[in-house]
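K.L.:
There's a structure below that I have some questions on.
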Amino acid sequence: MRQYNSMRRLTSLLFLAGLGLLLAAILQRLNFGQPPMIVGDAINAAAPAQVGAANLVTSVVLAYRGFDTLLELTILFTAATAAGLALGREPGDRLADPEAGPIVRAGADLFFPLLLVVGLYIIFHGHLTPGGGFQGGVILAAAFFMPQLARPASRLEHRMTTLIEGLAGATFILIGLLALFEGEAFLTPLLGVGTLGTLLSAGTLPMLYLAVGLKVGAELAGLLASLAEMGAEE
Amino acid sequence: MTPLDHLLLLSALTAVFTLAAGNIRSAGWIATLLYAAQGLALVKMWGMGYGPEVADSSISFQLLGQTMHWRFDSLSWFFALITVGAGFFSSWFASGGWADHYRAQGNSLRLFHSALALNVFSMLVLLASGDLLSLFIGWELVSWASFLIMGLASTRAMGYAMRYLTYAIAGAMAILMGIVMVHAQTGSFEFAALAAAVPGMSNGTLWLLLLLFGGGFGVKMALVPVHLWQAKAYAETPGPGAAFLGAISSRMGLFALILVIIQLVGIGRLVGMSIPYTFLDARDLLAWVAVFTMIFPTYIALRQHDARRLLAWHGVGQTGYMLLGVVIMDDLGSAGGLMHVFNYATYQAMLFMSVSAIMYRTGTADLNQLGGLVTRMPLTFIAMLVGIIGLAGLPPMNGFVSKWLIYRSLVAEGMPLLFVGAVIGTLGTILSVYKLIHNSFLGQLRLEHAKVEEAPWSMTLPMLSLAAIVFLTGYFPGVVLDWISALQASVGLPVLAHHLGGVHFAQGGLDMIWINSLLIAGIAIGALIFYSTGRSQRVHQLDNYAGGHFLSADVRYQYSDNFYPGLLHLIGPWYRKSFRWAESALVSLTDALSLAMQGLYRQVQPSIYLLITVVIALSWVNIR
Amino acid sequence: MNNLILLVVLPLITAFLLPVIDRFSTLAARWSGPLVLLITTFIGASAWLQLGTGAVSLELGGFRPPLGIVLYVDQLALLFAIAVSFGTLLLWPYGNRGGLRQQTLTLLLAGSGSGLALSGDLFNIYVFYELVAVVSYGLAVSLRTPAAFAAAIRYLIISGFGAALSLAGIALIYDATGTLNLAQLAQLAPEKLNDLQGLSAFVLLLIGIGVKAELFPVNTWVPEIYATAPKRVSALLAGLVSKLAVVVILRLLVLIFPQPEAHTLLLVLGILGVLTGELAAWRARDLPRVLAYSSIGQLGIVFIAFSVPGEAGVFAGLAMALHHLLIKPALFLLAERWDGSLAGLTGAAKASPLGAALFVLFSLSLLGIPPLPGFWAKLLVLTSLAQMGAALYYTGAVVIMLGMVLEANYLFRIIARMYQKAPSTGTPPGHGRLDLAISSMLGAGLIAAVFLLAPLADRLQGIAAQTVDVNQYIEAVNPVPTRNPI
Amino acid sequence: MDMGTLMFAGALGLMLIGTAALVLSGHLMRMVFGLALLESGASLLLVLTGYRSGASAPIILDGVVPASMVDPVPQALVLTAIVIALGVQALALGLVLRVHRAYGTFEMREIRRRMERDICDQAGLELPSSNEVPEPYPGSPKPQQGEY
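Below, the structure is given as structure tokens:
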């Protein structure tokens, strides 16, 4: 068996080396620094007028490829649902994690509002500066997860997170469908472009980002809580 | 509606009727009448029995730019006549007492009757095929219908049927491959397209086609070396079903072989295809396969002590005669081979029925457990006697005519080795059929069979009718030869000149009317002498001495097991079970491969496959 | 046509809201899923009638391609989108089996599956593919047994590995062309992707997407998952998800990678799939794994068919794929109660005569016994292979036939067992009414297909012709030919 | 060594390390981490394809449009890819925890064998005979004479 193992290891190493060589050979041929940028240049040129977000990546994320964003939210939602299915606890299971110390508890209480504000700020300025719904959402999730680390006995309100994630996701789709009812294509940005670079610009984009942020936050908080509860169960 | 439509519709109706109402008591009788009606529909197409007439079916399918259609010609008609006849007699046999008995054993009569009807229907569909695609469809239908009737009796029968199925699917796949290759060459599934493309094909392509088609059809015919499935599968089929299968089922392979290889590819082309490094050609290959098929199974039959298996192994061997006759491809030989199809169907059905009748009355087909039944079941004895005389190829039965034609043609065409092979085969046949009749009907009656009665009329009448056919077509072989000459003309074989009593040519022919009349006259004279002198006196079988003791009925004085010990001792070392060994080796190999593959799928670290595949594929792409 | 996006988003939004609805009314939550699927099926069907033989592209967000994401609607895409909606409707966890989460996941599968079939953007396909993957992990652990968790994590690792590789493949393609729009990629492919980089990208994408399509050798998860998941889920995975991955591979092959090397690779992997799958099934000892291995073999045949370039191969492969799409779910539903060892099936026909009869019917069609649809599909595959004439293609044909011999044997061994007399020690269970009803429906569809062969074949040939028509794709999407100013 | 080569070497290295963890290690946790590394490598590769020498970030500050911006599309794609990977990894961790809870081990070989055993038990089958005699897993009852 040991011999078999070492044989396998040898084979794996051999093929790993092969993969490395092949990938290196392929990557050698890539044109780094001079991309064809067929789509990229077109977007760079058209986005300010079409979408109105100063952060062009945001234009891509929410407008040009908004559908992808909807789907990745769905993936998060699916992962959370699947994890819930896998990790789901029977009611009445007791949690065994010890209570955290006073410093952590005080820190959590202190940071909670701070994180909330930072997260929301990042979400709302997503169409102007780097950052946006995901980044902000993660911070929101941290804000809600930290109290639970501090006080494991107080469980995160799963009902709350499911409500938020459901409604936020639905809002994203509904904003998209609004355009459909107007006779436009799904997810067409509405409400005009506004002034480039101001907070209230880029039409529905900030609303979408808010939905994304809330959903990501709720999703991640729920996931983390599930994992934590799973780990604590025993 | 053309006459062919009528026939197919009637046959389908029979199947539907038996499926719907096969459980009612009179279902067998009604089905028998329906088979008779099918026979009438065939008679309505009488023209193709005697001339180059063709009947098309009005049914056809347009699919993917190909048309599938069905039609009958002299070849189909001849085989259809035997099929419907076999269905008729088997159904008749299965209608009365046998049915009650079968049902009493807890079997489903509906299943049996509908399986039989489906067999007849599927065979008619096959015989009517008008292109390669409909040929394959018919072929598969026949295979599955046979599987159904083989497997329905018992778990053991199902086991043999499964073995058949594996062979049959493999054969069907070979045929399909051949058909697909023809399609690739010609772009069509039509017979005419194949016939037109043959002259342009290279010998290599044609060899491949020959092996694929020949191999596929050979499975159904149970030619050596793919013969293993047949005997046991037929033997385990319920009695009348075995009679039907034994009579005609394997002949479908011969039909397809004649259709594709002889009619479409042609004799001239076969002779031209020589086997490299030998002096043989494709036709010789077929002939030698036929001879080996004649010899091996016949001598295996010699060893059987189950009457059904003995008969079934014979059936395998007799296929060899038919194929041999057909591939000689002169007027005499092909007529002999084709006539043998008819003759063999008549007496094989009868023999299976008589064995079935014995089983019906005694409950066993074990030849070591029987004997002396001639006094109890004289009519069944007569049927079996007629049958084995036919099977052995002796006058005055029809089997003599067909075998004589084949021998004569072998001699005339200068094929002495094949002739010797055929004679060896016949020798085995005679020995083993004698074993059959001796161990069942002759010798000492067993005590437990002392009160056995003759089989009911519903069983003896079909047997005796068949016996009459065997005798009459032996007396007037011209009746059958008429159909065969029409067939030969339609297939493109040389046509046999014949008359009602047989054939005639300069060096002396064969006139069965003369021969049989002489024979009967001789027997009559003997009987006259025997009965007129009045010296004969009937004594009881046990009215005798043995070693100074009176015989008593509870002691066996006449052993029937270990028949032919001397002969079997002599040829014993030749039974090597090589084919069985090859078959089981193949199965073991598949088993081993299967386990290896499962091991492959149980890999602990499946990611490694992904890595290996990516690396190999990428480097392959790179090298290109 | 614009409302076709509902095929994707309607199930998604319902899935998001399902927990919320459940808060107010359990009954409403339970029936909103089937209702939505019914609606999407209807939308799809009406679009099908409207579409005819044309093709439309939906520009999401209203941006001209190639800037935004497009959905490409042609007969192939719509057919599979409808199949997903209808299939999930049939295989819905009725009677609240598995609870809310399973219903949510099934809805998500319906939405993402339709999207995968319709998507006309390479990265969007990747996202949809990942979504389908995550949904299938979730569904695979529905039973919450330890074995199911172990099988799912093993599945996840292979699938994740494959997904990462396809992401790298997408990076290679984007590097070479600067676009993700399939139509524009099809325009640029002969010039930019007809080289080592393009082929390497194909290899990476094929292996990545092949995981779901049960492509050899990245299909080791198949027997494990199908044995541990509920059979309803196995039916979804084997019937629908694998076909969606196959459709994606077909699209890539036709539009972007028409090189002979790509076809040869597919052919070799397909041959190996048929061989290993059918051989492994020969000695499998329980029905779910027999079906799993057989499914590998059948999909191998689909790949062999697609490796024949041109309309003939696509036609044959689609016929095989649709046939399998119809048959496998039905067989898995029948295996729901028959999931023990094969020996335990002795006499099962007595307990469930209809179930056994359906099993025979599906087996016969799976084997390709005329006149059932399976035969015609297989005939198409074989004739298209023979037409190619090359030795490797003939090998493919021979391997398919060998596979059929094996498959006939192992399937009919099971059937023979079912029709034996039941042992004294307990008979195998009969079927649930719902499973039986759905299988009967599929069986009826199969038989109806026999009578509608000619029109179905013509329609399918039309679909195949449309699928291989790259120009129609490009014209329908009509990407603006923006070029790099440099 | 220029910037590009270094970057690509990074992507390549991440992918190789991830793959190595997947194929060489039998430890479930390490395999999940390997998967994460692999995803990161692929994402890095993707984002690199949008890099344009000497161009600025695709953000319009104070209404001034830079002369040359890098491709924003790969950045958006990578954002999506990262979130997807995050979701998958969270689920993977959950499953790993579950498996560990059930089988008490992270070793793939052991997990696979236990899984096979569970499947066979559930189907009422004997374990397939194998040339590899499996060691009894921790906490298992001692094999009886002749059990294996």
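Chains as they are written, first to last, in the working numbering: chain A, 740 to 973; chain B, 794 to 1417; chain C, 1168 to 1653; chain D, 11 to 158. Glycine included, each C-beta is placed from N, C-alpha and C at the ideal position.
1) Is it buried or exposed, K1244/B, if we count other Cβ atoms within 10 angstroms and call 16 or more buried?
2) May I have the straight-line CA-CA distance separating N900/B from G1039/B, to the nearest angstrom?
3) I want to see whether chain B comes within less than 8 Å of G831/A, judged by CB atoms only; does it?
4) Please check the pair T29/D and L55/D, which I expect to be a contact at CB under 8 Å, by giving their CB distance rounded to whole angstroms.
5) Check whether chain D comes within 8 Å of R1395/B, counting only Cβ atoms and requiring the distance to be less than that.
6) Can you find the residues in the same chain that come closer than 6 Å, C-beta to C-beta, to G1717/C, ignoring five residues on each side of it along the sequence?
7) DSSP has F854/B in a bridge; who is on the other side?
8) For G1278/C and L1525/C, what's the separation of their Cα atoms in angstroms?
9) Apart from the five residues on each side of it in sequence, which residues of its chain come closer than 6 Å, Cβ to Cβ, to T59/D?
10) In whole angstroms, give me the CA-to-CA distance for P886/A and A967/A.
11) So the beta strand (DSSP E) L1404/C belongs to, where does it begin and stop?
12) Would you call the segment 1101-1109 of chain B and the segment 1014-1034 of chain B in contact, with 3 or more CB pairs under 8 Å?
13) Of the residues W1198/C, L1173/C and F1191/C, which one's Cα is nearest the Cα of S1213/C?
14) What are the residues of the segment 58-88 of chain D that lie near chain C, defined by any Cβ-Cβ distance shorter than 7 Å?
15) My output table needs one value for D1001/A: the three-state DSSP class, helix, strand or coil.
16) Work out the CA separation of I765/A and G20/D for me, nearest whole Å.
17) Within the 8 Å Cβ cut-off, does S745/A reach chain B?
18) Should L859/A be flagged as near chain D, meaning a C-beta pair shorter than 8 Å?
19) What whole-angstrom Cβ distance do A710/A and L888/A have, given they're in contact under 8 Å?
20) Short check: CB of L1373/C to CB of T1271/C, under 8 Å?
21) Who are the neighbours of N1415/B on chain A, taking C-beta pairs under 9 Å?
22) Within 8 Å, do at least three Cβ pairs link the segment 920-929 of chain B to the segment 1065-1078 of chain B?
23) Using a Cβ cut-off of 9 Å, pull out every chain D residue sitting near L1404/B, in sequence order please.
24) Given that D848/A touches chain C, what residues does it touch there, using C-beta distances under 8 Å?
25) To the nearest angstrom, report how far apart G871/A and D81/D are at their CA atoms.
26) Is I1068/B helix, strand or coil by DSSP?
27) Return the first residue and the last residue of the alpha helix (DSSP H) that L826/A is part of.
28) Nearest by alpha-carbon distance to A1396/C: which of L1603/C, T1312/C, V1457/C and A1479/C is it?
29) Which first and last residues belong to the beta strand (DSSP E) in which L945/B is found?
30) If we count the other Cβ atoms within 10 Å of its Cβ and call it buried at 16 or more, is T1181/C buried or exposed?
31) Terminal residues of the continuous beta strand (DSSP E) containing S1224/C?
32) For E1478/C, I'd like the list of residues in its chain whose CB is within less than 7 Å of its CB, leaving aside the five on either flank, ordered along the chain.
33) Using a Cβ cut-off of 7 Å, which residues of the segment 801-821 of chain A contact any Cβ in chain C, in chain order?
34) For chain C, find out if any of its Cβ atoms is closer than 8 Å to the Cβ of F929/B; answer yes or no.
35) Using the Cα positions of L906/A and G51/D, report the straight-line distance between them to the nearest angstrom.
36) Please say whether M41/D and E1391/C have beta carbons closer to each other than 8 Å?
P.N.:
Reading off the structure:
1) exposed
2) 21 Å
3) Caution is warranted here: a pLDDT of 47 is assigned to G831/A, below 50, making its placement in the model unreliable, and no coordinate value can be reported.
4) Contact doesn't hold; Cβ gap of about 14 Å is too wide.
5) yes
6) Here chain C has residues from 1168 to 1653 only, and residue 1717/C is not among them.
7) M861/B
8) 30 Å
9) P84
10) 12 Å
11) Neither: L1404/C is in no beta strand (DSSP E) and is coded neither H nor E.
12) yes
13) L1173/C
14) T59, P84 and L87
15) Shown here, chain A extends from 740 to 973; a query on residue 1001/A therefore has no answer.
16) 14 Å
17) no
18) no
19) Shown here, chain A extends from 740 to 973; a query on residue 710/A therefore has no answer.
20) no
21) L761, A764 and I765
22) no
23) T29, L32 and V33
24) Going along chain C, no residue has its Cβ under 8 Å from D848/A, so there is no contact; the nearest lies around 29 Å.
25) 18 Å
26) coil
27) G805 to L826
28) T1312/C
29) First-last for L945/B: undefined, no H or E at that position.
30) buried
31) V1223 to E1226
32) A1631, A1632 and V1635
33) A802, Y803, R804, G805, F806, D807, L810, E811, T813, I814, F816, T817, A818, T820 and A821
34) yes
35) 34 Å
36) no
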